[in-house]
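Inspection log for the structure reproduced underneath, given as structure tokens.
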Amino acid sequence: MVSESVRPLTENNGVISFSVTSDSTTGPEWIKWFDENVYPLDYNARILLKSESFKPTKGVQYPVRVLKGELYEDNKRITKEIRADAKQRKLPTPPLELACLIRRMFTNEQIREMGLYWIIIMHEPVELSGHLHLLGVGGRGEDRWLSTYCVKPGSEWIQDYGFAFLAEQVSS
23 MVSESVRPLT ENNGVISFSV TSDSTTGPEW IKWFDENVYP LDYNARILLK SESFKPTKGV
83 QYPVRVLKGE LYEDNKRITK EIRADAKQRK LPTPPLELAC LIRRMFTNEQ IREMGLYWII
143 IMHEPVELSG HLHLLGVGGR GEDRWLSTYC VKPGSEWIQD YGFAFLAEQV SS
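For the sequence shown, this note's numbering begins at 23 and goes up steadily by one.
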């Protein structure tokens, strides 16, 4: 297995920046890719990738900003506070497909080198079985998971998680 080369990333004041480019891979095609590469997908992640909420794009370069959990005090590291901070920073909500693109781009070791354990994609939460879910990438050892997290506005997160948004698009 050959890992795709990692585009340059930078970190400035607890914000990690990099970009990924979409390639029109559909949700079912991503599931096949995860299965073929023996990357675990949890049950709800499979459902999200097959859902109408997953909209693949082609050739879109996503400028990603990951807010490190260390930016927030323990009692402020909650979903609504992180979203409010992102809004103040003018960081738009990413699409679901960003989770797959980030998962393919980084190994767990590279995520650890960023000082993170998981990267939570702060897309619009998707309802499954009466609960809202977000996708996250991470894992232990070589297991490159794409997982779902049940989330509420007051959900608490741990310090070594990062929260992925997009950079503000500047019109020309």
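For glycine and all other residues, C-beta sits at the position ideal for the given N, C-alpha and C.
Neighbourhood of residue i by C-beta, 7 angstroms cutoff - its chain only, sequence neighbours within 5 removed
i    : result
I69  : L150
D45  : K80
D165 : P62
A121 : I143, L157, V159, L168
Residue of the options minimising C-alpha distance to residue i
i    : options               : result
P208 : R166, Y171, T32       : Since the first and last residues shown for the chain are 23 and 194, residue 208 lies out of range.
T47  : F76, I100, S41, E190  : F76
K112 : K98, P50, R87, A121   : R87
P30  : I104, F128, K109      : F128
L89  : L138, V148, G161      : L138
W179 : A108, H155, T101      : T101
E12  : P175, T170, G36, W55  : Residue numbering for the chain in the displayed model covers 23 to 194; residue 12 lies beyond these limits and cannot be assessed.
N130 : A108, R162, V42, D107 : R162
Inter-residue Cα distance where the pair is residue i and residue j
i    : j    : result
G158 : P117 : 13 angstroms
D57  : H145 : 23 angstroms
R125 : W167 : 8 angstroms
S73  : M136 : 31 angstroms
I38  : G152 : 33 angstroms
E26  : E95  : Below a pLDDT of 50, predicted positions are generally treated as unreliable, and E26, at 46, falls in that range; no measurement from the model is reported.
Y183 : Q132 : 14 angstroms
R99  : V173 : 13 angstroms
F40  : N34  : 12 angstroms
D64  : I141 : 16 angstroms
K54  : A67  : 13 angstroms
Inter-residue CB distance, residue i and residue j (contact presumed, cutoff 8 angstroms)
i    : j    : result
L188 : P114 : 5 angstroms
Helix, strand or coil at residue i according to DSSP, with G and I counted as helix
i    : result
E33  : strand
G158 : strand
Cutoff 8 angstroms; reference residue i; Cβ partners in own chain excluding five residues on either side
i   : result
P50 : L71, K72
M23 : Confidence in M23 is poor, its pLDDT being 34 and thus under 50, which makes the residue's placement unreliable; the coordinate value appears in the next sentence. Counting only Cβ-Cβ distances below 8 angstroms, and skipping sequence neighbours, we find N59.
Sequence-distant residues of the same chain with beta carbon closer than 6 angstroms to residue i, five excluded per side
i    : result
I104 : F185
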